[in-house]
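Counting in UniProt numbering, the sequence shown runs from 1 upward without gaps.
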Amino acid sequence: MTQTFKSKTLAASLALLLGVVGAHRFYLKGWRDALGWLHVPLFALGVWGAARFIDFGVDDFIARVALPLLGLIVGLALFQALLIGLTPDARWDATWNAGAGRRTSSGWGAVLVVIFALLIGTAALMGGLAFGLQQVFQPR
C-alpha cells in the first residue's frame with residue numbers, strides 16, 4: 001500500500017492559518033486524530049472568553065479563565081508551524097513520506113511560513129505582555 005505524499009509547506013501553512021482548529025493535524029494524521037479535535041473546543045472557549053472580555057471587561061471571572069485559552073491555542077498553532085517548517089526535509093520524508101515515492105523539496109515556501117509565524121507570534125507575545133503588565137501595575 002502506497003502512502004500519500006504530505007507536503008511540508010502545506011502542513012506548515014495549515015498550522016499557521018488554520019492551526020487553531022487543528023487543520024494541520026487532520027492533514028497529517030487524518031480525521032481520527034484526538035488532539036486535532038481538541039483544538040476546536042479550546043479555540044471556541046477562547047473566543048467565548050474574548051467576547052465576554054469585550055462585553056463585561058476585566059473583572060469577569062469567566063473571561064479571565066477562558067481568554068488565556070485563546071492565547072494558548074494560537075501560541076500552540078504558531079509553535080507547530082515553526083516546528084513543521086524547520087524540520088529538515090530528510091527527516092520530514094522519513095516521518096511522513098516513507099512510502100510515498102516522492103521526496104520533499106520545500107524551498108522558500110516553508111521559510112516564508114516560518115518567518116510569518118515568528119512575526120505573528122512575536123506581535124502576540126508583545127501585546128499580551130503589554131496588556132498583562134498594564135493590568136498588574138495599573139491602580140484600581
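Glycine included, C-beta positions come from ideal geometry on N, C-alpha and C.
It should be emphasised that the depicted structure is a prediction, and the values quoted were computed from it without experimental measurement.
* To do: Could you spell out the range, first to last residue, of the alpha helix (DSSP H) harbouring K8?
  => Here residue 8 refers to the residue found at position 8 of the sequence shown. Counting along the chain, the alpha helix (DSSP H) containing K8 begins and ends at K8 to L18.
* the region 36-53 / the region 125-136 touching (three or more Cβ pairs under 8 angstroms) -> These segments do not touch.
* Would you decide whether L45 is buried or exposed? Buried here means 16 or more other CB atoms lie within 10 Å of its CB. => Working through the sequence shown from its first residue, we reach residue 45 at position 45. Buried.
* Asked: At which residues does the alpha helix (DSSP H) containing T104 begin and terminate?
  -> The residue labelled residue 104 in the question sits at position 104 within the sequence shown. Run containing T104: none; DSSP gives neither H nor E here.
* To do: Along the alpha helix (DSSP H) that carries P41, what are the first and last residues, could you check?
  => Along the sequence shown, read from residue 1 onward, the residue named residue 41 stands at position 41. Run containing P41: A34 to F56, per the alpha helix (DSSP H) assignment.
* Asked: CB-CB under 7 angstroms to L86, same chain, minus the five flanking residues each way: which ones, in chain order?
  -> Position 86 of the sequence shown holds residue 86. Excluding positions up to five away in sequence, the list reads V114.
* Asked: For S13, does the count of other Cβ atoms within 10 angstroms reach 16, so buried, or fall short, so exposed?
  -> Position 13 of the sequence shown, counted from the start, is the residue given in the question as residue 13. Answer is buried; the Cβ neighbour count reaches 16.
* Three-state secondary structure (DSSP) of Q134 -> Against the sequence shown, residue 134 aligns to sequence position 134. The three-state reading of DSSP puts Q134 in helix, counting H, G and I together.
* Asked: Going by other Cβ atoms of all chains shown within 10 Å of its Cβ, with 16 needed for buried, is L16 buried or exposed?
  -> For this step, residue 16 is matched to residue 16 along the sequence shown. The C-beta of L16 has 16 or more other C-beta atoms within 10 Å across all chains shown, which makes the residue buried.
* To do: State yes or no: is the C-beta of A117 within less than 8 angstroms of the C-beta of A66?
  => Position 117 of the sequence shown, counted from the start, is the residue given in the question as residue 117. Position 66 of the sequence shown, counted from the start, is the residue given in the question as residue 66. No, Cβ-Cβ distance for A117 and A66 is not below 8 angstroms.
* To do: With a threshold of 16 other CB atoms inside 10 Å of the CB of T9, please say whether the residue is buried or exposed.
  => Taking the first residue of the sequence shown as position 1, residue 9 is located at position 9. A buried status is given to T9, since no fewer than 16 other beta-carbon atoms sit within 10 Å of its beta-carbon.
* To do: Can you tell me which of the three DSSP states F61 falls into?
  => Position 61 of the sequence shown, counted from the first residue, corresponds to residue 61. DSSP places F61 in helix when its eight states are reduced to three.
* Can you tell me which of the three DSSP states P88 falls into? => Position 88 of the sequence shown, counted from the first residue, corresponds to residue 88. Note: P88 maps to coil in three-state DSSP.
* Asked: According to DSSP, is residue 152 helix, strand or coil?
  -> The first residue shown for the chain is 1 and the last is 140, placing residue 152 beyond what the model contains.
* Asked: Between K6 and L28, which are expected to be in contact by the criterion C-beta below 8 angstroms, what is the C-beta distance as a whole number of angstroms?
  -> For the purposes of this step, residue 6 is taken as the residue at position 6 of the sequence shown. For the purposes of this step, residue 28 is taken as the residue at position 28 of the sequence shown. Contact holds; Cβ gap of about 6 angstroms.
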